[in-house]
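Step one of this worksheet: look at the structure below.
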Amino acid sequence: MSYLTTTMTFLRTVLLLRLARLRVAAGEKDAGASAVELAIITAVILGIAAALLFVIKDSATTESAQIHG
């Protein structure tokens, strides 16, 4: 399994865990602002992390090609 696949699996798992916690809170009629905010913030952070991962991977690949090139 590649580094990218492992990282994306981790990010997906974290997001699914947060969404599950939000569903439980909603089922208990206790989905306050903090639970919703936590889910939104987590999704945004994971999106930024995934974008950063792709940028770093692309940069490393480009530099590697220039070095070996």
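Under my numbering, the first residue of the sequence shown carries the number -14, and numbering increases by one thereafter.
Backbone N, C-alpha and C fix where the C-beta goes; we use that ideal spot for every residue, glycine too.
All figures in this text were calculated on a predicted structure; none of them were measured in a lab.
Check	Outcome
Cβ-based burial, R8 [other Cβ within 10 Å; buried from 16]	exposed
Sub-8 Å separation of V(-1) and L31 beta-carbons	yes
Whole-Å CB distance - A35 paired with L2, under 8 Å assumed	Contact doesn't hold; Cβ gap of about 16 Å is too wide.
With 16 other Cβ atoms within 10 Å as the buried cut-off, status of A50	exposed
Simplified DSSP assignment, three categories, for L19	Leu is not the amino acid found at residue 19; the sequence shown has Ser there. Three-state DSSP puts S19 in a helix.
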